[in-house]
Amino acid sequence: MATHLAAPPGKAAPEESGRGAAKVPLRTAVGRYRWLYLMLVPGVAYFVIFKYLPMYGLTIAFQDFLPFLGYSGSPWVGLKHFEELFAGPDFGRLMFNTLLLALLHIVFVFPAPIVVALLLNEVRVSFLKRSVQSLIYIPHFLSWTIVASLTYVLFAADFGVLAGWMRDLLGDTSKIDYMAQEEWFRPLIILQQLWKQTGWGTIIYLAALAGVDPNLYEAARMDGAGRFRQLWHVTLPAIRPTVVVMAILASGNLLDSGFEQIWLMTTSLNRSVADVFDTYVYYAGITQGAISYSTAVGLFKGVAGVILIFGSNWLAKRLGQRGLF
Amino acid sequence: MATITKTKKAGLPVGNEAGLGSRVFDTLNVIVLVGLAAITVLPLLYVLAGSFAGEAEISSRPFFLWPEKFVTESYEYIFATPTFLRALLTTVVVTAVGVVVQVLLTFTMAYPLAKRYLPGRTLVLNLVIFTMVFSGGMIPTYLVVRDLGLLDSYWALILPLAINPFYLIIVKSFFQELPQALEEAARIDGCNEMGVFFKIVLPLSKPIIATFSLFYAVGIWNDYMSPLLYINDPGKWTLQILVRQLTSTDAANALAQMDRTWVPPEQGLKFAVVVIATLPILLFYPFLQKHFAKGVLLGGVKE
Numbered sequence: 001m002a003t004h005l006a007a008p009p010g011k012a013a014p015e016e017s018g019r020g021a022a023k024v025p026l027r028t029a030v031g032r033y034r035w036l037y038l039m040l041v042p043g044v045a046y047f048v049i050f051k052y053l054p055m056y057g058l059t060i061a062f063q064d065f066l067p068f069l070g071y072s073g074s075p076w077v078g079l080k081h082f083e084e085l086f087a088g089p090d091f092g093r094l095m096f097n098t099l100l101l102a103l104l105h106i107v108f109v110f111p112a113p114i115v116v117a118l119l120l121n122e123v124r125v126s127f128l129k130r131s132v133q134s135l136i137y138i139p140h141f142l143s144w145t146i147v148a149s150l151t152y153v154l155f156a157a158d159f160g161v162l163a164g165w166m167r168d169l170l171g172d173t174s175k176i177d178y179m180a181q182e183e184w185f186r187p188l189i190i191l192q193q194l195w196k197q198t199g200w201g202t203i204i205y206l207a208a209l210a211g212v213d214p215n216l217y218e219a220a221r222m223d224g225a226g227r228f229r230q231l232w233h234v235t236l237p238a239i240r241p242t243v244v245v246m247a248i249l250a251s252g253n254l255l256d257s258g259f260e261q262i263w264l265m266t267t268s269l270n271r272s273v274a275d276v277f278d279t280y281v282y283y284a285g286i287t288q289g290a291i292s293y294s295t296a297v298g299l300f301k302g303v304a305g306v307i308l309i310f311g312s313n314w315l316a317k318r319l320g321q322r323g324l325f
Numbered sequence: 001m002a003t004i005t006k007t008k009k010a011g012l013p014v015g016n017e018a019g020l021g022s023r024v025f026d027t028l029n030v031i032v033l034v035g036l037a038a039i040t041v042l043p044l045l046y047v048l049a050g051s052f053a054g055e056a057e058i059s060s061r062p063f064f065l066w067p068e069k070f071v072t073e074s075y076e077y078i079f080a081t082p083t084f085l086r087a088l089l090t091t092v093v094v095t096a097v098g099v100v101v102q103v104l105l106t107f108t109m110a111y112p113l114a115k116r117y118l119p120g121r122t123l124v125l126n127l128v129i130f131t132m133v134f135s136g137g138m139i140p141t142y143l144v145v146r147d148l149g150l151l152d153s154y155w156a157l158i159l160p161l162a163i164n165p166f167y168l169i170i171v172k173s174f175f176q177e178l179p180q181a182l183e184e185a186a187r188i189d190g191c192n193e194m195g196v197f198f199k200i201v202l203p204l205s206k207p208i209i210a211t212f213s214l215f216y217a218v219g220i221w222n223d224y225m226s227p228l229l230y231i232n233d234p235g236k237w238t239l240q241i242l243v244r245q246l247t248s249t250d251a252a253n254a255l256a257q258m259d260r261t262w263v264p265p266e267q268g269l270k271f272a273v274v275v276i277a278t279l280p281i282l283l284f285y286p287f288l289q290k291h292f293a294k295g296v297l298l299g300g301v302k303e
């Protein structure tokens, strides 16, 4: 960005010979660029209505919101709903479930595309490489309802294929209802994420790998490096910036457990391990009607997410990486 | 992906290092990757095969990719059920209209934002980027949609998702790469910005329009949260809601609410519903694949 702004306006917009963006009065600018501004109107309207109005709507987290009194008329209650959340019985459980899923995600799901991209990168038969790539992208295009249905079909206690194999494997004759058992909830969630996201995630790393200067490999080979040394000393350092950027982006979503996936996998029997902030907001706000309270929960989650993303960006910079901002 | 393959070929030498360890690794690597591809695809093929199999076969055979006896009763039932047909039609129409709205809004907004000389552009961009970091969240957004009178309206499935900020930024970067000379020529010939956009820029953008049409279509087609939040009327269900009703909850219950009394083989029906909700998207995928990799890569480039 910085370079664009620093460029002389005449160069950035040759058709505006001479004057360009050089501090024209607003009215002149609007006149001269009226078509461009006109084109901006629908998009800006979208962001105002569907993104910034809801941000204004967050004020109801500090009110006892009554729809007929509206945003300005409802009584202000300060931090009441936040106190209710933090002191309430659900908070510890929600925090634990959310953070544990996030931790499992970091450990198992985040590195998977990197590993697969590295493996794909080593394949020399381009037909094989392209075929595998095309196939592992597919699940990205399926909805969570489909993924949940597939899980159900494969793990159903009475006819599920995988349930049957697990039974044979464990030498167990009893039928386990995987969708209902608390201890299977997290493994299934992580398996689903791995299956759905891994292939798609490799695209960005493969791009980074393709950008590595071939001369570096040449030089490493001259120095006697075998394939594994080349991987360690050339390939991995080369994709480190990409990994850092992806990690920062992911950190902002740490508390985003992914509403659809979790909601679809929640049953009345696994609630105690399945409840996370995302689904709790829906449950409390939409089905229970606690509008102000659930808005407070959502706001807490949003603010924590912003802190996490800026925090990890700061950390990345401290560690000598480029960071996002 | 072609470019990647080409560069890699130049990057990784062939033949130079035929050490045993290296060859063992290559073999294992291929096995692992083919295994991954199999894990990805086999569940889908199983469901496809199961949707054409009889109930007895599904419960007796553990795993198969080709039904012993080919039956289509699940599909016949589905396509004779008004609830299902309505959901399918709804989803098709909402997706089609939605993609047009989304692509039009995204591309018209991205174009002026790509003009570096436009005063105020940075402010708008920053406001857009801020929404990628922080949002009002589910409940305040729900209230806005409700106050606009969009509950139980199909527009609630389209308008709140009209512009994806990530896509907007990618399209903007794409526009910045377009040759300026063409636009200038058009302007000299008397086109205003709007004319340049519709007559010159959009025709040049066909591949990227195709890419983002697919991305947006996938988004709307697969969306479960919006209909869950905003649609209460069962007559306006979308496919994804129906899939959920049929496969995950008590299917018999859901079926009883449907318009016919005959209850078909349950598992086969679930399989068939999954196939129908998946197939349309996957049919487009091969045609657009060569474009979307490029689109994603553009998105990976930091502005």
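One line per chain: the protein sequences are A and B, in this order.
The first sequence runs contiguously to residue 325 in my numbering.
The second sequence runs contiguously to residue 303 in my numbering.
Note that the Cβ used here is the ideal one computed from N, Cα and C, for glycine as well.
Predicted model, so just to flag it, every value in this text is computed and none were measured.
Are the Cβ atoms of residue i and residue j separated by less than 9 angstroms?
i: P286 (chain B); j: L154 (chain A); result: no
i: L209 (chain A); j: L118 (chain A); result: yes
i: G136 (chain B); j: Y293 (chain A); result: no
i: Y142 (chain B); j: G302 (chain A); result: no
i: L269 (chain A); j: A180 (chain A); result: yes
i: M138 (chain B); j: V281 (chain A); result: yes
i: S143 (chain A); j: Q289 (chain B); result: no
i: M39 (chain A); j: Y117 (chain B); result: no
i: P227 (chain B); j: L168 (chain B); result: no
i: W237 (chain B); j: T108 (chain B); result: no
i: S251 (chain A); j: D278 (chain A); result: no
i: I262 (chain A); j: V276 (chain A); result: yes
i: V274 (chain B); j: S51 (chain B); result: yes
i: V243 (chain B); j: A277 (chain B); result: yes
i: A112 (chain A); j: Q192 (chain A); result: no
i: L231 (chain A); j: V30 (chain B); result: no
i: L194 (chain A); j: F141 (chain A); result: no
i: G255 (chain A); j: A225 (chain A); result: Sequence inspection shows Leu at residue 255 (chain A); the Gly mentioned does not correspond to that position. Cβ distance not < 9 angstroms, so L255 (chain A) and A225 (chain A) don't count as in contact.
For a test of the three-state rule: what should DSSP assign to residue i, helix, strand or coil?
i: W76 (chain A); result: strand
i: W314 (chain A); result: helix
i: Q63 (chain A); result: strand
i: E84 (chain A); result: helix
i: G320 (chain A); result: coil
i: K236 (chain B); result: helix
i: L113 (chain B); result: helix
i: F134 (chain B); result: coil
i: A80 (chain B); result: coil
i: Y285 (chain B); result: helix
i: D189 (chain B); result: coil
i: D147 (chain B); result: helix
i: A247 (chain A); result: helix
i: R240 (chain A); result: helix
i: L69 (chain A); result: coil
i: T267 (chain A); result: coil
i: V109 (chain A); result: helix
i: G226 (chain A); result: coil
i: V303 (chain A); result: helix
Hey, could you find the ends of the alpha helix (DSSP H) residue i is sitting in?
i: D90 (chain A); result: 90 to 104
i: E57 (chain B); result: 55 to 60
i: K69 (chain B); result: Looking at the DSSP string, K69 (chain B) is not in any alpha helix (DSSP H), and its letter there is neither H nor E.
i: F50 (chain A); result: It is not in any alpha helix (DSSP H) - F50 (chain A) carries neither H nor E in the DSSP assignment.
i: V30 (chain B); result: 20 to 51
i: T28 (chain A); result: 26 to 32
i: G219 (chain B); result: 206 to 222
i: T279 (chain A); result: 277 to 282
i: Q288 (chain A); result: First-last for Q288 (chain A): undefined, no H or E at that position.
i: R244 (chain B); result: That residue, R244 (chain B), is in no alpha helix (DSSP H); it is neither H nor E in DSSP.
Pull out every residue of the segment 227 to 249 of chain A whose Cβ sits closer than 7 angstroms to any Cβ of chain B, in chain order. Residues passing the 7 angstroms Cβ filter: R227.
* **Within 7 angstroms of chain A by C-beta, residues of the segment 56 to 73 of chain B in sequence order** => Only those residues of the segment 56 to 73 of chain B whose C-beta falls short of 7 angstroms from the nearest C-beta of chain A are listed: I58, S59, P62, F63.
Report task. With a floor of 3 residues, list each beta strand (DSSP E) that falls wholly inside the segment 136 to 209 of chain A, ordered by position along the chain. Result -> With a minimum length of 3 residues, no continuous beta strand (DSSP E) run stays inside the segment 136 to 209 of chain A.
Practice problem: Would you list, in chain order, the members of the segment 192 to 214 of chain B that have their beta-carbon closer than 8 angstroms to a beta-carbon of chain A? | Solution: Hits within the stretch, in order: N192, E193, M194, F197.
Review point. Mind listing which residues of the segment 137 to 150 of chain A have their C-beta closer than 7 angstroms to chain E's C-betas, in chain order?
Key: Included in the structure are the protein chains A and B, with no chain E among them.
- Query: Just by C-beta distance, which residues in the segment 272 to 291 of chain B are closer than 7 angstroms to chain A?
  - Reply: Close to chain A, meaning a Cβ-Cβ distance shorter than 7 angstroms, are the following residues of the segment 272 to 291 of chain B: V274, A277, T278, I281, L282, Y285, Q289.
Taking any Cβ of chain A, which residues in the segment 231 to 245 of chain B have a Cβ under 7 angstroms from it, in chain order?
-> Flagged, chain order: Q240, V243, R244.
### Task
Determine which residues of the segment 160 to 175 of chain B have a Cβ less than 9 angstroms from any Cβ of chain A, and write them out in chain order.
Against chain A - using a Cβ distance shorter than 9 angstroms - the residues of the segment 160 to 175 of chain B are P160, L161, A162, I163, P165, L168.
Residues within the segment 73 to 105 of chain B neighbouring chain A, beta-carbon criterion of under 7 angstroms = Going along the segment 73 to 105 of chain B in chain order, one finds L105 with a Cβ nearer than 7 angstroms to chain A.
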